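Following: one structure in structure tokens, then a few remarks.
There are 2 protein chains.
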Amino acid sequence: MTHWEDFYNTHLPPADFEDNRSLLKEFCERHNKLQNRIVLVTSGGTTVPLEHNTVRFVDNFSAGTRGSASAEYFLDHDYAVIFMHRHKSLEPFTRHFTGQQFFDMLDIADTADSQNSTIAIKPDSVDVFAPVLAKYKIARETQMILYVNFTSVVDYMWLLRAACECLAAFEERAVLYLAAAVSDFYIPEDMMPTHKMQSGDGAPTISLQLVPKMLAPLASLWVPHAFVVSFKLETDENLLIVKARDSLNKYKHKLVIANVLQTRKHRVVFVTPTDSYELHLSRDKALQGLEIEEPIVADVVQKHSDFIISAEQRQ
Amino acid sequence: MTHWEDFYNTHLPPADFEDNRSLLKEFCERHNKLQNRIVLVTSGGTTVPLEHNTVRFVDNFSAGTRGSASAEYFLDHDYAVIFMHRHKSLEPFTRHFTGQQFFDMLDIADTADSQNSTIAIKPDSVDVFAPVLAKYKIARETQMILYVNFTSVVDYMWLLRAACECLAAFEERAVLYLAAAVSDFYIPEDMMPTHKMQSGDGAPTISLQLVPKMLAPLASLWVPHAFVVSFKLETDENLLIVKARDSLNKYKHKLVIANVLQTRKHRVVFVTPTDSYELHLSRDKALQGLEIEEPIVADVVQKHSDFIISAEQRQ
Chain A
1 MTHWEDFYNT HLPPADFEDN RSLLKEFCER HNKLQNRIVL VTSGGTTVPL EHNTVRFVDN
61 FSAGTRGSAS AEYFLDHDYA VIFMHRHKSL EPFTRHFTGQ QFFDMLDIAD TADSQNSTIA
121 IKPDSVDVFA PVLAKYKIAR ETQMILYVNF TSVVDYMWLL RAACECLAAF EERAVLYLAA
181 AVSDFYIPED MMPTHKMQSG DGAPTISLQL VPKMLAPLAS LWVPHAFVVS FKLETDENLL
241 IVKARDSLNK YKHKLVIANV LQTRKHRVVF VTPTDSYELH LSRDKALQGL EIEEPIVADV
301 VQKHSDFIIS AEQRQ
Chain B
1001 MTHWEDFYNT HLPPADFEDN RSLLKEFCER HNKLQNRIVL VTSGGTTVPL EHNTVRFVDN
1061 FSAGTRGSAS AEYFLDHDYA VIFMHRHKSL EPFTRHFTGQ QFFDMLDIAD TADSQNSTIA
1121 IKPDSVDVFA PVLAKYKIAR ETQMILYVNF TSVVDYMWLL RAACECLAAF EERAVLYLAA
1181 AVSDFYIPED MMPTHKMQSG DGAPTISLQL VPKMLAPLAS LWVPHAFVVS FKLETDENLL
1241 IVKARDSLNK YKHKLVIANV LQTRKHRVVF VTPTDSYELH LSRDKALQGL EIEEPIVADV
1301 VQKHSDFIIS AEQRQ
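Structural data, given as structure tokens:
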């Protein structure tokens, strides 16, 4: 496996990196002055390009549901939120409506002078839409949320480290909520063809290399005082707890939220260094439109509060 | 390479296949009775799952811009449109606005009795939004567009053949406008692992096989009388015309629209069995907000009209 420092030495930052770094710096400095709590929510999958002029890439399955929903609930708990997401994946608030759902909610009416038309949300849709829109507007106006996005696993790695550099100053007040589905594998720069692979050349074989585990420098060096939460997605139930426990032992962070692909919307397992327990969304609550991210975030926030108090007591 | 019939024999249709087939059948029968012209627009990329319980997949780069824009212009030319697109890729009309753009166009106002609120598009956004919304509503109300979607290359193949079975009855009145970026490679069912590949097993090697070229049975067997247009995307300019010409010689269809990844938004090359010429969007026109898909579709429609006339003269 490539060492994490070598990964940054051999892969250039994305073109918009300096812009994003400035945004992160400004956002963090403002909220640190206000002594706010802050959370970095990562969300969506990363790509691994197979060619320099990218036509094909390996992708990880993730619509961004977990991350975008969780970001909303962290805002409810008065956290400043850095929403670091895969370009075009689901975002807080807008995730509730697709493009066609928006269009179908709207009515065009010609005004009396027939010079201008007005477009309004149909009355029967206002009840559903108004609270979501109101929360979105408040989050924007109070500047409690910053959106930054990535596409490839290299973009992700650069943004993650830049965010950590800004978050370090928050010490215990920062939560890292690493819900993005980051590729374990990649193709190193020097092994990538320049042009689109040609089918005339026969069926290709793609050789992947392991991506360094950034959780190691993140938890021990970049934000050593923060409350770090990682996610584990498996398709095999039997591997879940074992792998979560391995991860905690290795990286010494605070919490792994483990879930199985097929049941992830109504069941997760919280694994801490000392404990593990299930968090479940009942069928009734799901039918009422409740989401499992609401109790997940409530639990994380409670653990984070306890963590801050015990850190203060140590001082 | 797998033979195309073997591909269907060894890969099951997707779960929603019969529903989509019914929709296609109803849509085509209605428009065929009306003697309408019809176009199948395919759009967006296909995925190749790497695992049965899909966490990872190989994807083709395509936001669906070409296909979704072209579908709008075919509607302007009074074609019935089957918009067969990658799930979550860009769609006609809604493509002009992202989720946040929608939210930012909206104002909440409390009405006099303060019991109900109304939400309306801000006056300065109405001018841009109204014409798009109006066209969307007309296309829906007149049932001139049918949306069907796919994710994997297997889904795509099943839908493509089902659409062709319904389109055959239109004979020369059907256009196939195959703008989707379909994977050339896939992993056969029996070579796919059931569970998520584990990074502990070391870096994996992915062995891909060639997907059969469906353009062969499509042009010669499924819709032998239709006007078939394929697309060729390359990153290497030098390969463009040669490969387009090869394709026409092999599949005997009517037109290849060839483009280079980096310049595809303002330059394409039309390659017919007898001719090739460039279609170019000037910088001025691009700055006015014009899209190259407008002249592309106008040219295809003109060629299609000529094709229908010459077919009638032969009879």
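Protein chains in written order, with our numbering: chain A, 1 to 315; chain B, 1001 to 1315. Note that beta-carbon positions come from the ideal geometry of N, C-alpha and C, so glycine has one too. Quantities reported herein were computed from a predicted structural model and do not represent experimental measurements.
- Against chain B, the beta carbon of arginine 56 of chain A has neighbours under 8 Å at Val1058, Asp1059, Asn1060, Phe1061, Ser1183, listed in chain order.
- Look at alanine 244 of chain A: its C-beta is not under 8 Å from any C-beta on chain B.
- For the 8 Å CB-CB criterion, histidine 31 of chain A and alanine 80 of chain A form a contact.
- The Cβ neighbour count for threonine 1151 of chain B, taken over all protein chains shown within 10 Å, is at least 16; the residue is labelled buried.
- For serine 1207 of chain B, the residues of chain A that pass the 9 Å Cβ criterion are Ala203, Pro204, Thr205, Ile206, in the order they occur in the chain.
- Only those residues of the segment 133–165 of chain A whose C-beta falls short of 9 Å from the nearest C-beta of chain B are listed: Leu133, Ala134, Tyr136, Lys137, Arg140, Tyr147.
- Taking the beta carbon of serine 1117 of chain B as reference, the chain A residues within 8 Å of it are Val126, Ala130, listed in sequence order.
- At least one CB of chain A lies nearer than 8 Å to the CB of leucine 1233 of chain B.
- In the displayed model, lysine 285 of chain A falls within a helix according to three-state DSSP.
- Contact annotation for leucine 176 of chain A against chain B: no contact, minimum CB-CB distance about 21 Å [criterion: below 9 Å].
- The shortest CA-to-CA distance from glycine 67 of chain A to any of A:Ala216, A:Ser230, A:Val58 is the one to A:Ser230.
- About 6 Å separates the beta carbons of proline 1092 of chain B and phenylalanine 1083 of chain B, which is inside the 8 Å limit, making them a contact pair.
- Here the C-alpha atom of glutamate 293 of chain A lies approximately 15 Å from the C-alpha atom of lysine 303 of chain A.
- In terms of CA proximity to glycine 289 of chain A, A:Val128 leads the group A:Ile108, A:Val128, A:Gly64.
- Within the model, the alpha-carbon separation for alanine 311 of chain A versus leucine 159 of chain A is close to 28 Å.
- Every unbroken stretch of the beta strand (DSSP E) spanning 3 or more residues and falling wholly within the segment 1021–1087 of chain B is given here in chain order: 1038–1043, 1047–1049, 1056–1060, 1080–1086.
- For glutamine 288 of chain A, not one C-beta of chain B is nearer than 8 Å to its own C-beta.
- Rounded to the nearest whole angstrom, the CA to CA distance from glutamate 171 of chain A to phenylalanine 227 of chain A is 9 Å.
- Three or more Cβ pairs closer than 8 Å define a contact, and the segment 262–280 of chain A falls short of that threshold against the segment 36–55 of chain A.
- In terms of Cβ geometry, threonine 1042 of chain B and alanine 1179 of chain B form a close pair [threshold 8 Å].
- About 6 Å separates the Cβ atoms of lysine 1232 of chain B and lysine 1243 of chain B, confirming a contact at the 8 Å cut-off.
- Interface annotation, isoleucine 1082 of chain B: not in contact with chain A, CB-CB separation never under 8 Å.
- At a C-beta separation below 8 Å, phenylalanine 7 of chain A has no neighbours in chain B, since its nearest C-beta there lies roughly 14 Å away.
- A distance of 8 Å or more separates the beta carbons of threonine 1046 of chain B and serine 1207 of chain B.
- The beta-carbon of threonine 1094 of chain B is placed less than 8 Å from the nearest beta-carbon of chain A.
- Close to glutamate 1091 of chain B, with beta-carbon spacing below 8 Å, are these residues of chain A in chain order: Gly99, Gln100.
- The DSSP-derived three-state label of phenylalanine 227 of chain A is strand.
- Around the beta carbon of threonine 205 of chain A, a 10 Å sphere encloses fewer than 16 other beta carbons of the protein chains shown; the residue is thus reported as exposed.
- In the three-state DSSP reduction, threonine 118 of chain A falls in the strand class (E or B).
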